[in-house]
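Numbering (my numbering), first residue to last: 11 to 102. See structure below.
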């Protein structure tokens, strides 16, 4: 009998959206559908440290960071090929 009551209470709690099962109140329904606004956490170890840190950003922020890093690498590669493209350097 006790088991049946415990199961009933557990199921009622789940169906009613009890603690631990409720949706995030800060996240709107539109944000749930928008993949770019989903938060993704990654472990990252910074130069000079052996301790990884957890970094959380939206997918859009991760994509922007990756794009900025790629642009920086592309610029450095281009400078290695042709240093005359530096601002103020007129090929002399």
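Note that CB positions come from ideal geometry on N, CA and C, so glycine has one too.
Rounded C-alpha distance that separates residue i from residue j
| i | j | result |
| --- | --- | --- |
| residue 91 | residue 83 | 13 Å |
| residue 85 | residue 94 | 13 Å |
| residue 67 | residue 78 | 15 Å |
| residue 50 | residue 96 | 37 Å |
| residue 88 | residue 81 | 10 Å |
| residue 59 | residue 75 | 21 Å |
Residue span of the alpha helix (DSSP H) that contains residue i, given as start and end
| i | result |
| --- | --- |
| residue 90 | 69-91 |
Boundaries of the beta strand (DSSP E) in which residue i is found, first to last residue
| i | result |
| --- | --- |
| residue 54 | 49-54 |
Assumed close pair residue i, residue j - CB separation to whole angstroms, cut-off 8 Å
| i | j | result |
| --- | --- | --- |
| residue 46 | residue 69 | 5 Å |
Beta-carbon proximity check, residue i vs residue j, cutoff 8 Å
| i | j | result |
| --- | --- | --- |
| residue 62 | residue 71 | no |
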